[in-house]
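The structure appears below as structure tokens.
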Amino acid sequence: MSNPEHGDGEIRVELRRQSVDTHGRRILHAWAAERNFAQVAVVPDEGRLRVWVADGAATLPERRALLGSLMALATSEQLTGIVLSAGSSMLFRYVARAAGFAGPLRGDLHRDLGDPVLLVAPDVSSDQLLQELSALLPKGATVGLDRPPGLWRSWMRTASSGVMGTVHLTVHDGSDAEPLRLAVPFGEAVLVEGVAISIDTALAIRGRFRPLVDDVRIFYDQSLQGLRTGSVAGAAYSAVRDIHLSPAYASVVAMDTQPGRHLGWQPPHVALAPFTRIDSVVAHEYWHQIEFGLESSRYGDSVEFRRALGGYFGVETLEHVIKGSSKGAPAHWQEAYRRLHDEVSAYAATAPKEATAELFSQWWCTASDPPPSARFFGEVLRRVFPGVEGPPR
Ligand SMILES: [Zn+2]
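Here the sequence shown is numbered in our numbering, starting from 16 and rising by one per residue.
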């Protein structure tokens with residue numbers, strides 16, 4: 016990042032045309048300094064240029080330069096604006112929003128070319144952060160600064176070592192429940208949309224399982240080795256009712272410097288659009304807290320729950336599915352293990368509690384037509400939590 020050749024405005028991006036795909040989209044490869052750093056698909060759409068961007072190998076300045084080239088391309092084709100399709104990377108969306116693109120969480124972002132070029136300063140004040148978050152949160156949700164009590168504050172100092180500064184937030188969802196509390200890295204550019212997605216998902220899950228996870232707090236921190244290196248995306252601790260997320264989901268610099276692929280290691284199953292990996296990680300970690308709550312308050316129901324899930328895989332209980340990884344296990348246990356691994360995820364097959372967390376995440380992050388495992392999970396879930404619904408569609 017300190018390389019002067021990578022300074023903004025000095026990167027010359029060349030868009031090389033590669034092919035046209037089966038949807039009629041032009042596939043372009045973005046090159047700068049003899050390096051192909053991104054692929055783009057473009058197609059005119061009602062007078063605007065609709066774009067899809069795959070930019071996993073790009074630096075932030077390259078992303079900014081690419082956005083400039085796409086705007087120049089739209090201008091040269093006499094189009095009136097750009098639509099950035101949902102599903103582009105968080106960092107490209109960050110760069111686009113900073114350049115005046117607008118749109119809802121997880122949705123298309125758009126900008127008219129005639130609009131004046133806005134120079135949005137990176138968030139420097141907590142007021143600005145609150146304002147930007149509020150604009151992205153569901154109606155009725157209000158976000159404010161928290162004054163953490165002493166214990167929470169000192170635990171934060173320990174847990175967030177390695178994160179520059181921290182701002183404590185409370186979010187009320189419009190009901191009279193306790194607010195959601197979270198601690199967000201601050202002092203460098205905040206990945207506002209990433210934080211907003213975590214809050215949005217957390218509020219939705221809290222509302223459906225009320226009051227089981229109302230007291231769960233969210234940290235972005237590096238208290239675990241894996242959170243520091245990026246090999247772990249999230250963690251849940253039962254004793255303290257906390258969820259820990261990788262700082263990369265809240266900080267532009269952390270997202271830019273941690274290889275994105277490592278953030279997929281845990282949990283690895285890919286969320287389906289419009290859900291993002293952040294939705295999937297937050298849902299996974301919240302499930303751990305829901306299950307801790309179920310086990311401590313309704314142990315018998317939690318045993319029944321695992322038996323029902325085992326039944327789906329053709330064995331007596333979920334533990335047998337996991338034990339099917341061993342070569343000496345009965346054949347139908349081994350078959351159950353293979354199915355869990357293939358139908359849900361490899362990570363699901365590591366422990367019963369990861370199996371249920373992955374199933375919950377798969378169920379939560381399916382927009383329509385859930386896979387059979389997620390549909391079955393939803394049915395069993397409603398036996399234990401009557402009337403519980405999935406995410407807002
Ligand atoms: Zn887990």
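We put the beta carbon where it would ideally sit given N, CA and C, even for glycine.
Return yes when the C-beta of residue i is under 7 Å from any heavy atom of ligand 2, and no when it is not.
| i | result |
| --- | --- |
| ALA156 | In the structure on display, ligand 2 does not appear, and the ligands it does have are ligand 1. |
Classify residue i: buried if its beta carbon has 16 or more other beta carbons within 10 angstroms, exposed otherwise.
| i | result |
| --- | --- |
| ALA111 | buried |
| HIS38 | exposed |
| VAL28 | buried |
| SER312 | exposed |
| GLU373 | buried |
| GLY129 | exposed |
| GLN146 | exposed |
| PRO226 | exposed |
| ASN18 | Only weak support is given to the placement of ASN18: the predicted model assigns it a pLDDT of 38, under 50, and the value that follows is read from those uncertain coordinates. It counts as exposed. |
| GLU77 | buried |
| ASP36 | exposed |
| ARG79 | buried |
| ARG292 | buried |
| GLY325 | buried |
| ARG162 | exposed |
| THR371 | buried |
| ARG32 | exposed |
| SER176 | Note that SER176 has pLDDT 45, beneath the 50 cutoff, so the model's placement of it is unreliable and no number is given. |
Could you check whether the Cβ of residue i sits closer than 7 Å to any heavy atom belonging to ligand 1?
| i | result |
| --- | --- |
| ALA372 | yes |
| GLU306 | no |
| HIS356 | no |
| GLU29 | no |
| GLU369 | yes |
| HIS419 | There is simply no residue 419 to check, as the chain begins at 16 and stops at 408 in what is shown. |
| HIS299 | yes |
Using a Cβ-Cβ cut-off of 8 Å (strictly less than) and excluding sequence neighbours within five positions of residue i, which residues of its own chain qualify?
| i | result |
| --- | --- |
| PRO59 | ARG65, GLU92 and LEU94 |
| LEU160 | SER141, LEU145, VAL182, HIS183, LEU184 and THR185 |
| VAL403 | ARG223, PHE224, LEU396 and ARG397 |
| VAL268 | GLU203 and ALA204 |
Sort out for me which residues DSSP pairs residue i with in a bridge.
| i | result |
| --- | --- |
| HIS259 | PHE234 and ALA250 |
| ASP127 | GLY96 |
| ALA56 | ILE42 and TRP67 |
| GLY180 | PHE201 |
| SER266 | VAL205 |
| THR157 | HIS187 |
| SER34 | ILE42 |
| LEU195 | VAL186 |
| ALA117 | HIS125 |
| GLU404 | DSSP lists no partner for GLU404. |
| ALA47 | ARG50 |
Using C-beta distances below 6 Å, list every residue in its chain close to residue i, excluding the 5 sequence neighbours before and after it, in chain order.
| i | result |
| --- | --- |
| ASN51 | HIS44 |
| GLY189 | GLY155 |
| LEU195 | VAL186 and ALA217 |
| PHE392 | LEU374 and TRP378 |
| GLN304 | VAL228, VAL231 and ALA251 |
| HIS356 | ALA364 |
| SER10 | Outside the displayed range of the chain (16 to 408) lies residue 10, so it cannot be described from this structure. |
| ARG354 | PHE328 |
Report the residue from the options whose alpha carbon sits nearest the alpha carbon of residue i.
| i | options | result |
| --- | --- | --- |
| ASP271 | VAL205, ALA382 and VAL336 | VAL205 |
| ALA56 | LEU30, GLU306 and ALA73 | LEU30 |
| ALA323 | SER104, ARG221, LEU396 and ARG32 | LEU396 |
| ILE97 | VAL199, PRO406 and ALA87 | ALA87 |
| GLU319 | GLY62, PHE307 and THR332 | THR332 |
| ILE233 | LEU197, PRO387 and ALA248 | LEU197 |
| ASP257 | TYR301, TYR264 and ASP215 | TYR301 |
| GLU310 | VAL399, GLY122, VAL267 and ARG40 | VAL399 |
| LEU82 | TRP46, GLU61 and GLY62 | TRP46 |
| VAL296 | ALA248, ALA361 and ALA114 | ALA248 |
| ALA117 | THR90, ALA150 and PRO289 | ALA150 |
| GLU358 | ALA382, SER388, THR381 and ALA72 | SER388 |
| ALA89 | THR74, ARG63, ALA73 and ALA370 | ARG63 |
| SER382 | ALA114, ASP294 and SER266 | Residue 382 is actually Ala in this sequence, not Ser. That would be ASP294, whose Cα lies nearest to the Cα of ALA382. |
| ARG221 | GLY405, MET105 and ILE26 | GLY405 |
Might you give, ordered along the chain, the residues of its own chain that have their beta carbon closer than 7 Å to the beta carbon of residue i, omitting 5 neighbours on each side?
| i | result |
| --- | --- |
| LYS9 | In this structure the chain extends from 16 to 408, so residue 9 is not present and cannot be described. |
| SER34 | ILE42 |
| ARG276 | Confidence is the limiting factor: at ARG276 the pLDDT is only 44, short of 50, which leaves the residue's position unreliable and the question unanswerable from this model. |
| SER100 | ARG65, VAL66, TRP67 and ASP123 |
| ASP215 | LEU120, LEU152 and PRO153 |
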